Every structure is written in structure tokens, then in C-alpha cells.
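**Q**
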Amino acid sequence: MHRFASVLCLVLTPALLLTGCTLFKPDMTPNVVNTPDYVRLLHLVPQEMQRQRLADSKLAYLDAGKPSGQFGPAIYRQVSPDFMFGEQGHDIYLGETFHATETPLSRYYPDKDGQGFAIVHLSQRLAMRMLARVDWNHDGKWDWLMRCTVETFKGSRVRHYYVLAPEPANPREMVHGTILAVVDDRGYAAPVVQVRDTRDYGKAAEEMPLTEVIDGLPGDLRMTEPPSKQVRTGGVQERSL
Numbered sequence: 003m004h005r006f007a008s009v010l011c012l013v014l015t016p017a018l019l020l021t022g023c024t025l026f027k028p029d030m031t032p033n034v035v036n037t038p039d040y041v042r043l044l045h046l047v048p049q050e051m052q053r054q055r056l057a058d059s060k061l062a063y064l065d066a067g068k069p070s071g072q073f074g075p076a077i078y079r080q081v082s083p084d085f086m087f088g089e090q091g092h093d094i095y096l097g098e099t100f101h102a103t104e105t106p107l108s109r110y111y112p113d114k115d116g117q118g119f120a121i122v123h124l125s126q127r128l129a130m131r132m133l134a135r136v137d138w139n140h141d142g143k144w145d146w147l148m149r150c151t152v153e154t155f156k157g158s159r160v161r162h163y164y165v166l167a168p169e170p171a172n173p174r175e176m177v178h179g180t181i182l183a184v185v186d187d188r189g190y191a192a193p194v195v196q197v198r199d200t201r202d203y204g205k206a207a208e209e210m211p212l213t214e215v216i217d218g219l220p221g222d223l224r225m226t227e228p229p230s231k232q233v234r235t236g237g238v239q240e241r242s243l
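Going by the working numbering, the sequence shown opens with residue 3, and the numbers climb by one from there.
Below, the structure is given as C-alpha cells:
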């Protein structure tokens, strides 16, 4: 039995190593925190996840295992909600972090597993959930992939934002998120998915492309607004959907 296991490992190891090398650096294999929601994202934006080498052509992905620790409290106190500024259809409460958006009438509910939270305001319910640690732009640094769900009480609209943010360097650093995709839930109907351009994610200000400026008077031109923009544990496992 042991001899068979040894032979099997010798046969499988090169294949697994080859797969890992074609997807991402071996030391930056994603840590999936919330498997069901991560898998749903793969189905919602398969081409984008394949483009970032986070899934293969059959939507199989590698997972280094869930990292230790709870991300909910850090997201609550260190991630800025300003990625939603300018988004249509939702009331956005001002504040440097999600913690700072609370009013005396708001209610905060941490998830039982510590990987997210919900804040209930007078006009909406907002919920943040950690999905995975990934190296989105392949710079050798961890990024947080999160889902932000906003439920507007008036009209019962539900919108999911899939958001990227650099992992904070320390427990006090505030980080800003970038929207990867927006998904409007329509009950039993198919969701409406809008994928955002993340090619400039993680770039320094001096690396960003110059913005074209056009001079004109009101009424001269028809203008449209542009879209607004961990410790590894266990072995690497390949998962197929």
C-alpha cells in the first residue's frame, strides 16, 4: 500500500506542479476563505478569473487552504467604502471606513465565523464578506477579494459588489477597494453582471495613464460619466467545479 502511494505521488506531483506554475507563483497560491461564494464568482465572471490565471478553461482552481485568523474585524475597521461613491441606486453613508459610516441608529452584526459583518442603516442593509486572498495583479503581494452586498429597503433592490483591496500592511492601515464586478440580483431571473476594468489595479499614481481633458461649455458636448472605478496553511489542492 505504501509503495503504491509513493508511486502515485511521483506520478501526480509533476502534473500538479505544472498546473500551479501555469496559474500563478507557487508561493502565492490563493487562500479561499469562502468556497461557495468564490465558486459563484468564478461562474459569474469566468473570463476575467481565467485572464488572471485564477481558474483554468474548465473553471478548476487551486486552493492553498483557508488562512488562519478572522478577516471581518479588519475589513470593518480598515477598508474604505469609497469604492461605492458615484454608484447609482444606493444611499452611501459617508465615512473613511465601514466602522465610521455608522450612525446612532445603525446596527452592526458580525458574522459568526468572523469572516464578515453586516451594518443595518435606516434605508439599507450592507454586508461585507471575505472570499479569498489572491495576488490579483501578480506583483507578489496579497490582495483581498471581497463581496459587498447592498440591500435597499425601498424597492427591495439587491446589488453585489465584488471588490479587490490590497492587504493592509499593519492593523492600523486603511486601504481602498476597487470594484471588479457588479451583480444585480433579480430574484429568479438571471442576474445582471457588469465587469469592471481592473488593468490599472495596484499601479502607482505615476503609472496611471494620463486623463484626456476636453475644454467646452455646457451644452457643447454630450458627456457621459466614466465607470467608477495571511498566513498560508496546509497543502495545495486542485478543485474542480
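All C-beta atoms in this analysis are idealised placements derived from N, C-alpha and C, irrespective of residue type, glycine included.
Since we're looking at a predicted model, the values are computed, not measured.
(1) First and last residue of the beta strand (DSSP E) that includes L44?
(2) Does the distance from the C-beta atom of C150 to that of G189 stay below 9 Å?
(3) Out of curiosity, what's the CA-to-CA distance linking L61 and V194?
(4) Would you check if the distance between the CB atom of T200 and the CB atom of L182 is smaller than 9 Å?
(5) Considering only the alpha carbon of each residue, which of T99, V35, F119 and A57 lies closest to G71?
(6) Roughly how many angstroms separate the alpha carbons of D29 and D137, rounded to a whole number?
(7) Along the alpha helix (DSSP H) that carries Y78, what are the first and last residues, could you check?
(8) Indicate the three-state DSSP secondary structure (helix, strand or coil) for R101 in the structure shown.
(9) Return the first residue and the last residue of the beta strand (DSSP E) that A192 is part of.
(10) Spatial neighbours of Y110 within its chain, please: C-beta separation below 7 Å, excluding the five flanking residues on both sides.
(11) So, with DSSP's three-state summary, where would you put M148?
(12) Are the beta-carbon atoms of F100 and L124 separated by less than 9 Å?
(13) Buried or exposed: which applies to A167, given that a residue is buried once 16 or more other Cβ atoms fall within 10 Å of its Cβ?
(14) Compute the beta-carbon to beta-carbon distance between P73 and Q117, rounded to the nearest angstrom, for a pair I have assumed lies under 8 Å.
(15) For L64, count the other beta carbons within 10 Å of its own beta carbon; 16 or more makes it buried, fewer makes it exposed. Which is it?
(16) In chain order, what residues of the same chain lie with their CB nearer than 6 Å to the CB of V47, ignoring the 5 residues before and after it?
**A** The short version:
(1) No beta strand (DSSP E) holds L44; the alpha helix (DSSP H) holding it covers T37 to L46.
(2) no
(3) 20 Å
(4) yes
(5) V35
(6) 10 Å
(7) G74 to Q80
(8) The question names Arg, but residue 101 in the sequence shown is His. Here H101 sits in helix by DSSP.
(9) A191 to V197
(10) E104, F119 and I121
(11) strand
(12) no
(13) buried
(14) Looking at the sequence itself, residue 73 is Phe, so the reference to Pro does not match. Confirmed, Cβ separation roughly 5 Å.
(15) buried
(16) A183 and V197
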